[in-house]
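What follows is the structure in structure tokens.
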């Protein structure tokens with residue numbers, strides 16, 4: 015059985031991960047939260063799963079590298095420097111960083127990339143996401159993942175071609191931009207829809223998360239897949255062989 019360590023074990027995702035690890039027949043090697051020792055956990059594990067906070071990422075990556083174990087990073091709200099840290103750690107161990115561990119969302123991103131490529135620039139792209147009232151970052155990591163998929167399909171840079179919220183007299187929509195809208199309220203685990211809109215027709219691709227268990231199951235499957243991989247950056251589509 016694989017020994018899986020959880021970073022961020024006291025949170026809602028941490029608890030869901032513990033249940034998913036047991037359901038998969040694997041071993042929970044331990045869990046830590048703020049103030050815990052990531053190196054000790056890494057040394058007792060075959061793989062780490064990190065759903066903590068961006069502030070803790072550097073120490074968690076360092077622990078994985080020092081112990082020589084792979085790490086799945088599911089923490090959202092990452093900035094550019096965090097991705098550089100992942101790149102650096104991936105030179106010495108296997109790192110899978112993703113904004114969403116759902117297998118359904120992974121397939122959705124694949125479909126969005128395909129649609130963006132095949133439909134062309136005559137179709138406007140808008141991404142709408144809804145989450146519970148306690149979520150602190152926007153757009154969600156999943157919305158950004160889908161935005162990057164659409165941008166890759168178009169062959170453009172997302173940062174230079176996105177609109178994140180509109181207010182007041184904004185003027186007409188800029189051709190080719192990818193729009194984001196974030197809704198917050200209630201206890202929604204995570205709903206995402208990518209709208210493709212052209213003259214006289216629309217195509218919408220959606221994923222609705224009813225429970226955090228779907229993210230935990232996907233994370234455990236990805237963690238199992240990651241064990242034994244050589245140093246490098248990996249992605250959820252690789253887990254599904256897409």
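Numbering (my numbering), first residue to last: 15 to 256. All C-beta atoms, glycine included, are put in the ideal place defined by N, C-alpha and C.
Query raised in the report: Are there 16 or more other CB atoms within 10 angstroms of the CB of residue 15, so buried, or fewer, so exposed?
Result: exposed
Requested in this report: Measure the C-alpha to C-alpha separation of residue 205 and residue 122 and round it to an integer number of angstroms.
Outcome: 12 Å
Query raised in the report: From residue 69 to residue 52, what distance separates their C-alpha atoms?
Result: 13 Å
Requested in this report: Assess, as a yes-or-no matter, whether the stretch 111-130 is touched by the stretch 213-233 under the definition of 3 or more beta carbon pairs within less than 8 Å.
Outcome: yes
Query raised in the report: Among 234, 213, 200 and 218, which residue has its Cα nearest to the Cα of residue 42?
Result: 234
**Report entry** Close Cβ partners of residue 196 (< 6 Å) along its chain, the five nearest in sequence each way excluded
**Finding:** 143, 152 and 153
Query raised in the report: Going by beta carbon distance, what residues of the same chain come within less than 8 Å of residue 34, once the five residues before and after it are set aside?
Result: 227, 230, 231, 233 and 234
Requested in this report: Check residue 247 in the structure and name its three-state DSSP category.
Outcome: strand
Query raised in the report: Can you tell me whether DSSP reads residue 122 as helix, strand or coil?
Result: helix
Report task. Specify, as a first and last residue, the run of the beta strand (DSSP E) that residue 44 falls within. Result -> 41-46
Query - Three-state secondary structure (DSSP) of residue 63 - result: strand
Query raised in the report: What residue from 239, 242 and 220 has the CA that sits closest to residue 119's CA?
Result: 220
Report task. Figure out for me which residue from 18, 176 and 137 has the closest Cα to the Cα of residue 215. Result -> 137
Query raised in the report: What is the rounded straight-line gap between the Cα of residue 262 and the Cα of residue 97?
Result: Past the boundaries of the shown model lies residue 262; the chain is included only from 15 to 256, so the question cannot be answered.
Query raised in the report: Would residue 191 count as contacting chain C if we go by Cβ distances under 8 Å?
Result: Judged by its chain identifiers, the structure shown contains no chain C, having just a single protein chain.
Query - Reduced DSSP secondary structure (H/G/I, E/B, other) of residue 146 - result: coil
Requested in this report: Use the C-beta contact count for residue 90: other C-beta atoms within 10 angstroms, 16 or more gives buried, fewer gives exposed.
Outcome: buried
Report task. Could you check the C-alpha separation between residue 72 and residue 103 for me, to the nearest Å? Result -> 9 Å
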